[in-house]
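Trainee: Just passing along the structure, written as structure tokens.
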Amino acid sequence: MIEINYYLIVSAILFCTGVIGVLVRRNAIVIFMCIELMLNAINLTFVAFSSFMGNVNGQIFVFIVMTVAAAEAAVGLAIVIALFRNKESVNIDEINILKW
Amino acid sequence: MSTESLIVFFIAGVVMVGGGIIVSELVAPTSKNAVKDETYECGIPTKGESWVQFKVGYYLFAILFLIFDVETIFMVPWAVVMGELGLVAFIEILIFLIIVSLGLLYAWQKGALKWD
Amino acid sequence: MIQIKDLLEVLPLLIIAFSAIFILLLEVSIKKSETVIFGFSLIAILAAIATSFNYFNKEMIIFNQFLRISNASLTFSVIILISMLITVIASKSYIEKENVNFGEYYSMLLFALMGMMLMIFANDILIIFIGLELMSVCFYVLAGFLRLRQKSNESALKYFLLGAFMTGFILYGIALIYGITGTTNLTLIFSDAKVLTNYVFIIGTALLIIGFMFKIGVFPFHMWIPDVYDGAPTVVSGMLSTAGKIAAVGTILPIILAVNILNFKIIFSVAAVATMLYGNVIALAQTNIKRLLAYSSIASAGYIFVGVASMNEFALRGIAYYLIAYTFMQLGAFIIVAMLEKKDDGSRDYKNVDLDFYKGLGKRNPVIATFMTFFLFSLAGIPPFAGFWGKYYLFFAAIKSNQIWLAVVAILLSLIGVYYYLKIIVYMWFSESLEPVSEEKFSFSDTGFAATVLAVIGTILFGVDPNLFFSLFKFVTP
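Chains as they are written, first to last, in the working numbering: chain L, 11 to 110; chain G, 76 to 191; chain A, 131 to 608.
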């Protein structure tokens, strides 16, 4: 039995990797992938707590998070495609009509 | 599993995978020429860029697939407990599926499933 | 087990949910169905408002403790419904003008509305999360609804990336709360007083509150507001700044009050002061009216947080009153901007949204200019308009909680606000038009005009008789 701390540390590291990725990367798709990484880190936290406490609430939450991530991915990709058709770029630095 | 065995496992994994790559790099015979550096080594020179424009229909299909694919994760836990809960659970999943298929109906009527 | 009679207790929610789905089917099955859909969504929202009033004074927890119906949540949901009603009315002429007259627009509005109501009625963090995401995803789409206009695309992308980023933090907070308490039910979470002092629990709650502060637009999480409101379709900006904020405030307020972090009162006070200062000062320098209204909405978030920081029985009254006043005045101002905006001509930017365009508006179009003056006076907090009473009740709550300094600072900062609102009024009535503006006829058959009239009625009605609001929403005098 691996202690719950290990899971929590791994998920915290993954979460921070995602946050750093969002802050330093400049491609909208890569930023979005980093956000997905954050969500998956949270899923790991939920599952770890859930199995540690023998309580299924956390796993139900994971289902909902996965569905929401898919919905967000669909909407996000649609927005990126709409922008790309007008702009021919998905680089955040070139998206500058509204100052970032 | 104790911490020591985890460390051994980790080191063994790194050595086996990394060692394999390094040894094959050292031992395997290699030849370098211009043709080797091409994207496809099938004799035909490549034309144009790899950033060609895809039909937007691909993305539409991808997005639709993404959504309907994920709906399955609600079905799995339902299938596990279906036997115990009986008819009520069946009716509830039916309502869920009807709502999901209304979405599919919408996409269908909008022509998102047509490929031409 | 969920019982059928529980469904009857959430009739407003069901009406909105069914009509949102039905509209999608209507859109694909009937050609040229936009007008039918417009009428249908109006009827749905009116029916939801009418049924909401049945549930006042019936405190109850239903659906396996997932939803809680209380007077406070009903008040917030009715305010949101009113805001959406005005938005839907104003949208018709706007999306016709912008050549995006699709039925899906109304469906998106109704889905967002459903998400917001779900969030407010939630008694479980799971439901809060589902509602929040339903709302946010619809907002991303609505912000980018003018898909051929680059500015709208960019605003949607920015809102999407930042919103999804913040969702990550909210979720991490929820995960920590779940890890400490072992439940996602709000009643159970707050029933254990020992948990409330656990530092991991406090970190989790702080992350949750920060995520909602982002949605409300409180300093230092406000940076997306001007860009998104500037780029989004103007009516949608109005909706984001009213309904979206009200939903976030209505959800997080009970949690802040229940966590009972009185020791952290000072943090909320400082956030409120910083937000008011930032919003009011930066608004002074704006030349684009959409950005100006966006900064004014940041300042309004600051006023709301004055109420949150006071954390007493007067806070809810003040916040609810300010929110309904804010709905009418802010939405009304945005709708007038939308009406005066130039028709879609394939350009990537919005036309006629500069402050210079408003010079001499009083001569060109006295009716619209008068209405705009009402809204701006109300936003500036001048009696007898609703905005004055909203600020009065908020600052009153702050004084009652022994934070007189906060009330004084808030009054001083809202005086800065008076300057830029009066600047627009002076431009409208006492300046000459810069260039001969081509006399575009503003038709009174425009549905935007009807929405503006509704907003004016609300602004004046709640300004003349403040007790009307408290009796309408069954507030008990403390």
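For each residue, glycine too, the CB sits at the ideal point set by N, CA and C.
1. I'd like to know if residue 153 of chain A contacts chain G, where contact means its C-beta is closer than 7 Å to some C-beta of that chain.
2. So, at 6 Å on beta carbons, what are the nonlocal neighbours of residue 110 of chain L in its own chain, with the 5 sequence-adjacent residues on each side left out?
3. Establish whether the CB of residue 370 of chain A and some CB of chain L are separated by less than 7 Å.
4. Does residue 134 of chain G come within less than 7 Å of chain A when only Cβ atoms are used?
5. Mind checking the region 571–602 of chain A against chain G and listing, in chain order, the residues whose C-beta falls within less than 9 Å of any C-beta there?
6. Are the C-beta atoms of residue 13 of chain L and some chain A residue less than 7 Å apart?
7. Distance cutoff 7 Å, beta carbons only. Does residue 141 of chain G sit that close to anything in chain A?
8. Roughly how many angstroms lie between the CA atoms of residue 598 of chain A and residue 212 of chain A, to the nearest whole one?
9. Is there a Cβ of chain A sitting closer than 7 Å to that of residue 177 of chain G, yes or no?
10. At 4 residues or longer, and completely inside the region 12–64 of chain L: list those alpha helix (DSSP H) runs for me, N to C.
11. Distance check for residue 473 of chain A and residue 23 of chain L, CA to CA, integer angstroms please.
12. For residue 74 of chain A and residue 68 of chain L, I'd like the C-alpha separation in whole angstroms.
13. Select from the region 28–48 of chain L all residues with a C-beta closer than 8 Å to any C-beta belonging to chain A, and list them in chain order.
14. Mapping the DSSP letters down to three states, classify residue 595 of chain A as helix, strand or coil.
15. Select from A:190, A:233, A:210 and A:587 the residue whose C-alpha is nearest the C-alpha of residue 610 of chain A.
16. Grab the span of the alpha helix (DSSP H) containing residue 421 of chain A for me, first residue to last.
17. Please classify residue 110 of chain L: does DSSP put it in a helix, a strand, or coil?
18. Which residues in chain L sit within 7 Å of residue 260 of chain A, going by Cβ to Cβ distance?
19. For residue 190 of chain A, report the span of its beta strand (DSSP E) as first-last.
20. Could you tell me whether the Cβ atoms of residue 82 of chain L and residue 150 of chain A are closer together than 7 Å?
21. Run the CB neighbour count on residue 549 of chain A, radius 10 Å, all protein chains shown included, and call it buried at 16 or more, exposed below.
22. Measure the alpha-carbon distance for residue 282 of chain A versus residue 92 of chain L and round it to whole angstroms.
23. Let me check understanding here. Comparing Cα to Cα, which of A:259, A:170, A:291 and A:485 lies closest to residue 303 of chain A?
24. Taking only three categories from DSSP, how would you classify residue 277 of chain A?
25. Can you list, in chain order, the residues of its chain whose CB lies under 7 Å from that of residue 26 of chain L, leaving out five sequence neighbours each side?
26. The alpha helix (DSSP H) that contains residue 541 of chain A, what's its start and end?
27. Just curious, the beta strand (DSSP E) that residue 199 of chain A is in, first and last residue?
28. For the region 56–74 of chain L, enumerate the residues whose C-beta is nearer than 9 Å to any C-beta of chain A, in chain order.
29. Can you tell me whether residue 328 of chain A is helix, strand or coil according to DSSP?
30. Straight-line CA distance for residue 589 of chain A to residue 54 of chain L?
31. According to DSSP, what are the bridge partners of residue 482 of chain A?
32. Can you say whether residue 291 of chain A is buried or exposed, counting buried as having 16 or more other CB atoms within 10 angstroms of its CB?
33. For residue 482 of chain A, I'd like the list of residues in its chain whose CB is within less than 7 Å of its CB, leaving aside the five on either flank, ordered along the chain.
34. Would you decide whether residue 105 of chain G is buried or exposed? Buried here means 16 or more other CB atoms lie within 10 Å of its CB.
Mentor: Short version:
1. With 7 Å as the cut-off, residue 153 of chain A does not count as an interface residue toward chain G.
2. At residue 110 of chain L the pLDDT is 43, less than 50, meaning the model places this residue with poor confidence; the figure from the coordinates comes in the next sentence. Nothing meets the Cβ criterion.
3. no
4. For residue 134 of chain G, the nearest beta carbon of chain A is not closer than 7 Å to its own beta carbon.
5. none
6. False, the Cβ-Cβ gap to chain A never drops below 7 Å.
7. no
8. About 16 Å.
9. yes
10. Those alpha helix (DSSP H) runs which fall completely within the region 12–64 of chain L and span 4+ residues are 14–34 and 38–63.
11. 50 Å
12. Any question about residue 74 of chain A goes unanswered here, given that chain A covers just 131 to 608.
13. 28, 29, 32, 38, 41, 42, 45 and 48
14. coil
15. A question about residue 610 of chain A goes unanswered here, because the residues of chain A that appear run from 131 up to 608.
16. 419–440
17. A caution first: residue 110 of chain L carries a pLDDT of 43, below 50, which makes its placement in the model unreliable, though a value can still be read off. In the structure shown, residue 110 of chain L sits in coil (DSSP, three-state: anything other than H, G, I, E or B).
18. 74
19. That run of the beta strand (DSSP E) goes 190–192.
20. no
21. exposed
22. 10 Å
23. A:259
24. coil
25. Once the five neighbours on either side are set aside, residue 26 of chain L has no close Cβ partner at all.
26. Its alpha helix (DSSP H) spans residues 534–560.
27. If you look at residue 199 of chain A, you'll find it in the beta strand (DSSP E) that goes 197–199.
28. Listed by position, the residues of the region 56–74 of chain L near chain A (Cβ gap below 9 Å) are 56, 58, 59, 60, 62, 63, 65, 67, 68, 70, 71 and 74.
29. coil
30. Answer to the nearest angstrom: the Cα atoms are 49 Å apart.
31. Its beta-bridge partners do not exist; DSSP assigns none.
32. buried
33. 470, 471 and 472
34. exposed
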